[in-house]
Amino acid sequence: MLELRLVQGSLLKKVLEAIKDLVTDANFDCSGTGFSLQAMDSSHVALVALLLRSEGFEHYRCDRNLSMGMNLGNMAKMLRCAGNDDIITIKADDGSDTVTFMFESPNQDKIADFEMKLMDIDSEHLGIPDSEYQAIVRMPSSEFSRICKDLSSIGDTVIISVTKEGVKFSTAGDIGTANIVCRQNKTVDKLEESTIIEMQEPVSLTFALRYMNSFTKASPLSDQVTISLSSELPVVVEYKIGEMGYIRFYLAPKIEEDEEMKA
Amino acid sequence: MLELRLVQGSLLKKVLEAIKDLVTDANFDCSGTGFSLQAMDSSHVALVALLLRSEGFEHYRCDRNLSMGMNLGNMAKMLRCAGNDDIITIKADDGSDTVTFMFESPNQDKIADFEMKLMDIDSEHLGIPDSEYQAIVRMPSSEFSRICKDLSSIGDTVIISVTKEGVKFSTAGDIGTANIVCRQNKTVDKLEESTIIEMQEPVSLTFALRYMNSFTKASPLSDQVTISLSSELPVVVEYKIGEMGYIRFYLAPKIEEDEEMKA
Amino acid sequence: MLELRLVQGSLLKKVLEAIKDLVTDANFDCSGTGFSLQAMDSSHVALVALLLRSEGFEHYRCDRNLSMGMNLGNMAKMLRCAGNDDIITIKADDGSDTVTFMFESPNQDKIADFEMKLMDIDSEHLGIPDSEYQAIVRMPSSEFSRICKDLSSIGDTVIISVTKEGVKFSTAGDIGTANIVCRQNKTVDKLEESTIIEMQEPVSLTFALRYMNSFTKASPLSDQVTISLSSELPVVVEYKIGEMGYIRFYLAPKIEEDEEMKA
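Residue numbers (numbering that gives the first Met the number 0), protein chains in the order written: chain S, 0 to 262; chain D, 0 to 262; chain V, 0 to 262.
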């Protein structure tokens, strides 16, 4: 039996809004560690990894490891029916082919049960090794989101270049070019407005803006985003989920125009 | 001659927004009692009854009973041109084939006259007898609206079941099922947030969500909605219009799947 | 070399939003006087004249007169990437076929450079003589915008009639007619809410609402709009741009139904 009670139910609502356009169907894995998901986007280019640690739930009962296949669009539809202040409980009986989402309003006047059919989804769990990155940028998530959106009005790809002084986002398209530089800034009054760069060596990588824009749908989850870059590795765009976990997006850099053509 | 001056003109604006999608053309009836309307929706399934009592108008002159056929879409277009704080006066000369809506801004700096052609509309006025209902639910109109909208993302019909403890709204669809229970709650600080159930006997009836959603467009008129249910009768969904009247929607319950099929 | 630094960059953003739908491509003219534009709309019916005086810029360097052809849609796309509090600098090297827009965030943490290709645009500069007008109406720009929008839901043209008492906006269409009268009002507490009429003689002219609605997109630039009317002249709809200039729209009145038909 599975029963996971999340007092801050809005976190789960935001998680679904963040990933439902990128991933159609996915397995949620429940274990003693927590509630997690790993899935490729539908075009098999980007990878999403989600973790909500068991300690973050008010009540976390998971008698045995369970993998529940869900259509994320349908799950998002149901979670949208939860109020922003509602407590959300995820429930599943052993061997059942359904999962139940229970929404309780703060004053307990309104209780909703939404039951959804589970799916069988083939998936292989990729091991993602911990890596050293040449540069790690931590910046306001709203700023990163705005930059990706702005550059999309000019071009299709973004070159992210990190130096000690700052991070530069560049693009080019039919109507012209754009460069946006954000300087390192540790001395702001509010920590969430800071831009902090940890750099081993300068790095410059190119990515599809379409995916970056998709990742930024997780911005409501966290004031800050962390972007980890290395020439040999997929970029990691990470949003913390309160104290209880994270959502991480992985995307391989574009190598060269020629190689893109072939792909 | 007809001249009806409504200081809180926004009420009339909200009435039109509430019914214009449900009813295309309708006769407004003016008498000494008030300004009223009774009309079926275009598919002849739901009935709307509106009453604005003469006492609610600052000035109410209606020399003889008058029935004015109006296209509600066009009327709504004109009323949308009134400011929310405007005083609205409805004027018609005897025997005229037009009606005039006059909008006065609060400081009298702006005066607008909108003249609309009247239509000849055949209609029969149904007598609606006062009935005893098995259960009457009074609840926040925003809550009822939210529930109908939420359930629509899952299914097409709603089963409304009333017991002494509360009212349950249920639906089922391809992606799963949903049950939302609102408990009776008389002890909230604000009367408009209360949910109060007067029950003679338990009742459970099924309705098309499409119509329920349409009725909830009247929510801006009132903080509370009253839902009156009996197995043998159409449900009545009523919104009070300030102290001066009401808008009531009537909808027959769905009987059985088989009968629906035949219909 | 050209370098124009505008501390209140939002003004330039608003200017582009005001004219980009009316004018596709246009030459911006830079001289010692200021940064200006004069262009016909794409159907050659309305004329736009813009002036941003050099004194309004924090820094204004324009070594020689320069005419820069720009696609206003693309320019608007780039300016939308500037924050509302950003300082905007327009830069161009002598003989270059590009222009650069630089956006600096207030705390200098974010610097963006957007470079756009210039175009060759044929244009003749019309001399617009200063004229005497029969009537000049100054009124809140939001009120004028609301009236044009409201009348558009009824008809296609607006008759603007000015008398000493006020200004009347009228239209007629299939569903009826509308008249909106705004009275002169000099005694309001806030100057921006006043309606002031300077009249030599009464005047009544007819205009296409489509263009009037387009002009009102400049409303965010100024609380007040000035409408100058004479029977023999195009109407002038003017919005001041802070203390530094203006945007003026010129539109010829419609003469007679028959002549319109022939046109």
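Beta carbons are placed, not taken as given, at the ideal position from N, Cα and C, and that holds for glycine.
Chain S within 8 Å of residue 184 (chain V), Cβ atoms only: Taking the first residue of the third sequence as position 1, residue 184 (chain V) is located at position 185. By this cut-off, residue 184 (chain V) is not an interface position.
Below-8 Å beta-carbon distance, residue 114 (chain D) vs any chain V residue: Your numbering for residue 114 (chain D) matches position 115 in the second sequence. Taking Cβ atoms only, chain V reaches closer than 8 Å to residue 114 (chain D), which makes this a yes.
CB-CB length for residue 38 (chain S) against residue 25 (chain S), believed under 8 Å: On the first sequence, residue 38 (chain S) is found 39 positions in, with the first residue counted as 1. On the first sequence, residue 25 (chain S) is found 26 positions in, with the first residue counted as 1. Yes, residue 38 (chain S) and residue 25 (chain S) are in contact; Cβ-Cβ is about 4 Å, under 8 Å.
Inter-stretch contact (C-beta, 8 Å, three-pair minimum) for the segment 233–244 of chain V and the segment 70–80 of chain V: no
Presumed contact (8 Å Cβ cut-off) between residue 86 (chain V) and residue 209 (chain V), rounded CB distance: The count along the third sequence starts at 1 and reaches residue 86 (chain V) at position 87. The count along the third sequence starts at 1 and reaches residue 209 (chain V) at position 210. Between residue 209 (chain V) and residue 86 (chain V) the Cβ distance is about 36 Å, and since that is not below 8 Å, they are no contact.
Under 8 Å between C-beta atoms of residue 217 (chain D) and residue 233 (chain D): Along the second sequence, one-based indexing puts residue 217 (chain D) at 218. Along the second sequence, one-based indexing puts residue 233 (chain D) at 234. No. Outside cutoff.
Continuous alpha helix (DSSP H) assignments of at least 4 residues falling wholly in the segment 56–86 of chain V: 71–78
Limits of the beta strand (DSSP E) - the one that residue 169 (chain D) falls within: Your numbering for residue 169 (chain D) matches position 170 in the second sequence. Looking at the DSSP string, the run of the beta strand (DSSP E) that includes residue 169 (chain D) is 165–172.
Residue interval of the beta strand (DSSP E) (run including residue 112 (chain S)): One-based indexing of the first sequence puts residue 112 (chain S) at position 113. Per DSSP, residue 112 (chain S) belongs to the beta strand (DSSP E) from 109–116.
Chain-ordered chain S contacts of residue 147 (chain D) [CB-CB under 9 Å]: What you label residue 147 (chain D) is simply residue 148 of the second sequence in a count that begins at 1. In chain order: nothing, as chain S lies at least about 11 Å away.
Proximity to residue 49 (chain D) [Cα-Cα], best of D:7, D:28, D:154, D:108: Walking along the second sequence from the start, residue 49 (chain D) turns up at place 50. When each option's Cα is compared against that of residue 49 (chain D), the closest is D:28.
Per-residue burial, residue 247 (chain D) [other beta carbons within 10 Å of its own, 16 or more giving buried]: Looking up residue 247 (chain D) in the second sequence gives position 248. By the neighbour-count rule (16 or more Cβ atoms within 10 Å), residue 247 (chain D) is buried.
Member of S:110, S:104, S:98, S:107 whose CA lies at the smallest distance from the CA of residue 117 (chain S): The residue labelled residue 117 (chain S) in the question sits at position 118 within the first sequence. Considering only alpha carbons, the answer is S:98.
Extent of the continuous beta strand (DSSP E) to which residue 17 (chain D) belongs: What you label residue 17 (chain D) is simply residue 18 of the second sequence in a count that begins at 1. Note, residue 17 (chain D): premise wrong, no beta strand (DSSP E); alpha helix (DSSP H) at 9–18.
Test item: CB-CB of residue 228 (chain S) and residue 161 (chain S) under 8 Å: Numbered from its first residue, the first sequence carries residue 228 (chain S) at position 229. Numbered from its first residue, the first sequence carries residue 161 (chain S) at position 162. Their beta carbons are under 8 Å apart, which means residue 228 (chain S) touches residue 161 (chain S) by this criterion.
Neighbourhood of residue 153 (chain V) by C-beta, 6 Å cutoff - its chain only, sequence neighbours within 5 removed: Translated into the one-based positions of the third sequence, residue 153 (chain V) becomes position 154. Cβ within range, chain order: 170, 172, 177.
Same chain only: Cβ atoms within 6 Å of residue 143 (chain V), ignoring 5 sequence neighbours per side: Here residue 143 (chain V) is taken as the residue at index 144 of the third sequence, counted from 1. Closer than 6 Å at the Cβ level, and outside the excluded window around residue 143 (chain V), lie 224.
Residue 259 (chain S) - DSSP class collapsed to helix/strand/coil: Position 260 of the first sequence, counting from 1, holds the residue named residue 259 (chain S). Below a pLDDT of 50, predicted positions are generally treated as unreliable, and residue 259 (chain S), at 45, falls in that range; the measurement from the model is reported next regardless. Helix, per DSSP.
Test item: CB-CB of residue 147 (chain V) and residue 211 (chain V) under 8 Å: The residue you call residue 147 (chain V) lines up with position 148 of the third sequence. The residue you call residue 211 (chain V) lines up with position 212 of the third sequence. Yes, the Cβ-Cβ distance between residue 147 (chain V) and residue 211 (chain V) is below 8 Å.
Residue 176 (chain D): contacting residues in chain S (beta-carbon distance under 7 Å): For the purposes of this step, residue 176 (chain D) is identified with residue 177 of the second sequence, where counting begins at 1. Within chain S, the residues near residue 176 (chain D) are 114.
Same chain only: Cβ atoms within 8 Å of residue 200 (chain D), ignoring 5 sequence neighbours per side: Here residue 200 (chain D) corresponds to residue number 201 of the second sequence, with the count starting at 1. So the qualifying residues of the chain are 133, 134.
Nearest-angstrom Cα separation, counted from residue 71 (chain D) out to residue 15 (chain D): Start at 1 with the first residue of the second sequence, and residue 15 (chain D) comes out as number 16. Start at 1 with the first residue of the second sequence, and residue 71 (chain D) comes out as number 72. Their Cα atoms are separated by approximately 7 Å.
Contact list for the segment 193–206 of chain V against chain D, Cβ threshold 9 Å: 194
Beta-carbon spacing of residue 202 (chain D), residue 181 (chain D) below 8 Å: The residue labelled residue 202 (chain D) in the question sits at position 203 within the second sequence. The residue labelled residue 181 (chain D) in the question sits at position 182 within the second sequence. Cβ atoms of residue 202 (chain D) and residue 181 (chain D): not closer than 8 Å.
Selected residue, minimal CA-CA separation from residue 94 (chain D), among D:56, D:168, D:0: By 1-based counting over the second sequence, the position of residue 94 (chain D) is 95. It is D:0.
Residues near residue 80 (chain S) in its chain [Cβ-Cβ closer than 8 Å; skip 5 each side]: Numbered from its first residue, the first sequence carries residue 80 (chain S) at position 81. Same-chain partners within the cutoff: 102, 111, 113.
Interface flag, residue 19 (chain D) vs chain V, CB-CB below 8 Å: The sequence position of residue 19 (chain D) within the second sequence is 20, counting from 1. Output row for residue 19 (chain D): interface = no.
Contact set between the segment 116–144 of chain V and chain S, restricted to residues whose Cβ is under 8 Å from the partner: 116
Three-state secondary structure assigned by DSSP to residue 39 (chain S): Taking the first residue of the first sequence as 1, we reach residue 39 (chain S) at position 40. Residue 39 (chain S): strand per DSSP, three-state reduction.
Residues sharing a beta bridge with residue 181 (chain D), DSSP: The count along the second sequence starts at 1 and reaches residue 181 (chain D) at position 182. S:109, D:166, per the DSSP bridge assignment.
Terminal residues of the beta strand (DSSP E) in which residue 142 (chain D) lies: Looking up residue 142 (chain D) in the second sequence gives position 143. Premise fails: residue 142 (chain D) lies in the alpha helix (DSSP H), 140–151, not in any beta strand (DSSP E).
First through last residue of the alpha helix (DSSP H) which encompasses residue 0 (chain D): Position 1 of the second sequence, counted from the start, is the residue given in the question as residue 0 (chain D). No alpha helix (DSSP H) contains residue 0 (chain D), which DSSP labels as neither H nor E.
CA-to-CA distance, residue 56 (chain S) to residue 149 (chain V), given in whole angstroms: Within the third sequence, residue 149 (chain V) is the residue found at index 150, counting from 1. Within the first sequence, residue 56 (chain S) is the residue found at index 57, counting from 1. Each residue's Cα considered, the two are about 53 Å apart.
Per-residue DSSP class, three states only, for residue 215 (chain S): On the first sequence, residue 215 (chain S) is found 216 positions in, with the first residue counted as 1. Helix.
Test: residue 157 (chain D) CB closer than 8 Å to a CB of chain S: By one-based count along the second sequence, residue 157 (chain D) stands at place 158. No, residue 157 (chain D) lies away from the interface with chain S (no Cβ there is under 8 Å from its Cβ).
Distance between residue 215 (chain D) and residue 128 (chain D) (C-alpha atoms, nearest Å): Indexing the second sequence from 1 puts residue 128 (chain D) at position 129. Indexing the second sequence from 1 puts residue 215 (chain D) at position 216. Rounded to whole angstroms, residue 128 (chain D) to residue 215 (chain D) spans 24 Å at the Cα level.
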